[in-house]
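If you read the sequences in order, they're chains A and B.
Following my numbering, the numbering of the first sequence begins with 11 at its first residue and continues without gaps.
Following my numbering, the numbering of the second sequence begins with 695 at its first residue and continues without gaps.
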Amino acid sequence: MVLATGLTLVRFLLMLAVTLVGLLAMTFVIGRLVPIDPVLAVVGDRAPPQVYARVRQELGLDLPLIQQFWIYCKQAITGDFGRSVLTSNPVLEDIGRYFPATIELATLGTLIGTIIGVPLGVFAAVRAGSLLDQIVRVIGLVGYSVPIFWLGLMALLLFYAKLGWVAGPGRLDIAYDYLVTPVTGMLLVDSLLQGEIDVFWNAVSHIILPASLLGYFSLAYISRMTRSFMLNELTQEYVTTARVKGLSESRVVWRHALRNAAVPLVTVIVLSYATLLEGSVLTETVFAWPGLGAYLTNSLQNADMNAVLGATLIIGVTFVGLNVVSDLLYRLLDPRTRTP
Amino acid sequence: MPRLRDFLSAMVFVAGLSVPALAATPADTLVQAWQFDDIITLDPAEIFELSGAEVAGNSYERLIGYDINDVSKLHGVVAESWSVSEDGKTVTFKIREGRKFASGNPLTANDVAYSLQRAVLLDKSPAFIITQFGITKENVKDKIKATGDYEVVFSMDKPYAISFVLYCMTATVASVVDSKLLMENEKDGDFGHEWLRTHYAGSGPFKIRDWRANEVIVMERNDNYGGDKPALARAIYRHIPETATQRLLLEKGDVDVARNLGPEEIEAVSANDQIQLQRAAKGTLYYFSLNQKNEILAKPQVREAMKYLVDYDAIADTIMKNLGEKHQAFLPKGFLGAVNDTPYKLDVEKAKALLAEAGHPEGFNITMDVRSTQPIAGMAEAIQQNLAQGGIKMEIIPGDGKQTLTKYRARQHDLYIGQWGADYQDPHTNAQTFASNPDNSDEGPSKTLAWRNAWDTPELNKQVDAAILESDTAKRAKMYEDMQKEVMETGPFVIMFQQIEVAALSKNVKNFVLGPSFDTNIVAGVSKD
């Protein structure tokens, strides 16, 4: 186990290094190849030529590409991703501000998706072909094929505008803004830490709709995968053996079959979490949620290359990290994979 | 996302949703939903974007102001009065006494001179508004000087029309900043620029408490303000990019003002008796232009034909409904000398005759670079259909703003559609950009719109230069009228509309002001019932 973990760590570091360099190179090249002039982002449309030339030089864009890349790599290693044009802040500081909002949203979304999706998938597998199974499959299909921004707007119309059950876009009502000082950046956590119960509930009423939406999105995937893993397990011999031994059906399903299905399922859940972390862009736009997805889109549209490169890297690192986590969990849950 | 919006509007209509306004915003706070992703700085010496200008307009005071109902009337703000030397090359401003910055520091002639010098020395995008009077980094300390506690002297290389000088002093770049506070926050001789990009050092009715890019701007009442203090304690702008969401928030009472509704949404909320609409014509024009590097587009008959191949009225009634009005000259309505005639309308026969004369009776193929946002994209599609009537097959090349602009500035387009906003309220700003191109080479230092379209303008250059030296206002106005007519008839610009800004407000909001420019959208007087 110790050896395995050590190996994983080495593999993780290697994978991280390779991924980082690859990501850096790719985003850098794309950033330089796109027919967008980053100088314009700084000086605007009407700057006189001498201002333009000066800024171009300041940004180092007059240097050869390879030299620019080298400078960028050197800075990136020290965590210096430069300054964002759009926000005037160091990119790392921006990421520290926007990423927690995304993490909060994606975590809650994944929790909702898992808590509901796994049991749904199990039930569907146990009663394969039944009405319940059909319903679960339809839910999954809808969640998979309907554009998430459309669902988001419809949900806003219904639950916010018409029924008034939840609060609207944004993370907090204006009146509650500034009552909590950011510690983790996650409002639900920070408000509880500081005993601001009102703020907590207000934050809940804001996050519940977008999180449910993301939850639904991942639920669709998780329930479908759970169903197929469970179907696979339920036909295995050990299940038959357990039944023959006279174990109750629920014990067979929940203790034996699910336990084995959980191994690949963990990967599914972790990957779906990673997808929510990087892919909640549209949700963040519809709900005016100031997260990393919104930050990245905005930077892209404005040719704010430092921000684009920084945010892409962070997402890449997170993705690699989560992959390793799912790998580790896999090993923990399935002893067979531990033998080298 | 036009289809998304259309669909949403339709859904709302079908569902018959009528949401009562609940006024959930705090009583002492004005909350606006606004797209302000263009803000990149809060330093008035650097601000050159529309949203940034509006924030500065509410939080900083400039030397001079103008009457928003009659732009031709100027008045002092920080300056109490001014006098011009006999040779017309020096303006002396008398500064109001007893004013204070939000920090508590007194506002003196030193701050005024420091602010203008600082803008020149920092040399950010809008610095040319001051340097165009022959002021350079080298001579600025002599040219702009405090000659007493309350007197500033501004010297120029030529006797420019005084109204031209004064209008430039109404621009955001002429905002007065707190020199003492900035010197305390100075780093490596940057005049406090790094700090001021995200902080505040002004004397306006509101002070900026916080700006989080693409999230929120929070302004608070400045109790040291020398004028009438705002009725409300706070004014908050929330960045809401999706216009359908803005409408929802407004109808639910979670915001007091929605600033970026589309034509259908405006139509829809106008039926709601809890919501009022306010409109103002802005100094921004929508146009498309013909790159003269393209041999076909360089033919005078082709330029003229294009002007007859746009269905201005149809576009005004649909895509631009509530967003713009027909306008075909380079000076927006309200500017000195603005020509408000609209001689061009869709006339396919005439256009065909012109094309035949140019040697293209069957038309030709051409491309247009189009930013994929509304209303630009919608207009481009309409123009595509109009041009087809004359046999011109136009292909739309979509891109985002920075992408199309990069190509435009490199003079690599055929047709480019876009908008142009005046930098200050004097006619010179647009005359220079549409009619002046002193060096048409690819390296030409003055990259005006005439240059971007490779339109050589030897005669107009002289007229543009002469007009800023004409001190007789009536004569000066006539000069701009002539230039506009010339550009309208022969230029490579098909100017179509002047922008109208529409704000949708909750009924209880009073005294919200939309001015002719973005820095005159003023919330200081707002109160709520």
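All C-beta atoms in this analysis are idealised placements derived from N, C-alpha and C, irrespective of residue type, glycine included.
Check	Outcome
Does the structure place the segment 1143–1160 of chain B close enough to the segment 1097–1107 of chain B that three or more beta carbon pairs sit under 8 Å?	yes
Does DSSP classify N242 (chain A) as helix, strand or coil?	helix
At the level of alpha carbons, what is the spacing between G178 (chain A) and K901 (chain B)?	28 Å
Would you give the residue range spanned by the beta strand (DSSP E) that S775 (chain B) belongs to?	773–778
Quick one: does I930 (chain B) have its CB under 8 Å from some CB of chain D?	Of the chains in the structure shown, none is chain D; the protein chains are A and B.
So, with DSSP's three-state summary, where would you put M913 (chain B)?	strand
Say whether chain B places a C-beta atom closer than 8 Å to the C-beta of N312 (chain A).	yes
Using only CA atoms, which one of B:D948, B:T1061, B:A1032 lies nearest to L991 (chain B)?	B:T1061
Taking Cβ positions, are T112 (chain A) and S290 (chain A) nearer each other than 8 Å?	yes
With a threshold of 7 Å on Cβ separation, who are the neighbours of T97 (chain A) within its own chain once the five nearest residues in sequence on each side are excluded?	D104
Does the beta carbon of V1217 (chain B) come closer than 8 Å to any beta carbon on chain A?	no
Taking C-beta pairs closer than 9 Å, name the residues in chain A that H933 (chain B) reaches, listed in chain order.	A298, P300
Buried or exposed: L736 (chain B), going by 16 or more other Cβ atoms within 10 Å of its Cβ?	buried
Nearest-angstrom Cα distance between L1003 (chain B) and N1080 (chain B)?	6 Å
On the three-pair Cβ rule with 8 Å, is the segment 232–247 of chain A touching the segment 272–281 of chain A?	yes
Would you grab the beta carbon distance between T1167 (chain B) and S857 (chain B) for me? Rounded to a whole angstrom, and I think it's under 8 Å.	6 Å
Just grab the DSSP bridge partners of E1089 (chain B) for me.	B:T1061
Could you check what DSSP says for F1191 (chain B) in three-state terms: helix, strand or coil?	strand
When Cβ atoms are compared, which residues of the segment 1113–1124 of chain B fall closer than 8 Å to chain A?	D1117
Below 8 Å on the Cβ atoms is my contact criterion, and I expect T1123 (chain B) with G751 (chain B) to pass it. Report the Cβ-Cβ distance as a whole number of Å.	Not really, about 17 Å apart at Cβ, beyond 8 Å.
Taking a contact to mean a Cβ-Cβ separation below 8 Å, would you say Y844 (chain B) touches I789 (chain B) in this structure?	yes
Under 7 Å Cβ-Cβ, which residues of chain A neighbour S819 (chain B)?	V53, G54, R56, A57, V61
Just grab the DSSP bridge partners of T784 (chain B) for me.	B:S849
For N799 (chain B), which residues of its own chain have a beta-carbon under 7 Å away from its beta-carbon, when the five flanking residues on both sides are left out?	D872, K874, L875
For N308 (chain A), return the contacting residues in chain B, with the cut-off set at a CB-CB distance below 7 Å.	D731, N908
Starting from the beta carbon of T295 (chain A), find every residue of chain B whose beta carbon is closer than 8 Å, and list them in chain order.	P935, E936
Is L943 (chain B) close to chain A? Criterion is C-beta to C-beta, closer than 8 Å.	yes
Can you check the segment 783–857 of chain B for any beta strand (DSSP E) of at least 3 residues that lies completely inside it and give the ranges in chain order?	784–789, 838–842, 845–849
So the candidates are A:V214, A:K172, A:L168, A:L275; which of them puts its Cα closest to the Cα of Y379 (chain A)?	Residue coverage of chain A in this structure runs from 11 to 350, which leaves residue 379 (chain A) outside it and unanswerable.
Residues of the segment 728–752 of chain B with a CB closer than 7 Å to any CB of chain A: list them in chain order, please.	D731, I734, T735, F742, E743
Going by DSSP, what residue range makes up the beta strand (DSSP E) through Y62 (chain A)?	Looking at the DSSP string, Y62 (chain A) is not in any beta strand (DSSP E); the run it does join, the alpha helix (DSSP H), is 59–68.
For M877 (chain B) and G896 (chain B), I'd like the C-alpha separation in whole angstroms.	14 Å
Since K1096 (chain B) and N308 (chain A) should fall inside the 8 Å C-beta cutoff, what is the C-beta to C-beta distance between them, to a whole number of angstroms?	About 12 Å; that fails the 8 Å criterion.
Please state whether DSSP places H1021 (chain B) in a helix, a strand or coil.	coil
Give me whichever residues DSSP pairs with R181 (chain A) in a beta bridge.	Note: R181 (chain A) sits in no beta bridge, so no partner.
Counting only the same chain and skipping the five closest in sequence on each side, list residues whose C-beta sits under 6 Å from that of A840 (chain B).	A803, N804, A807, V846
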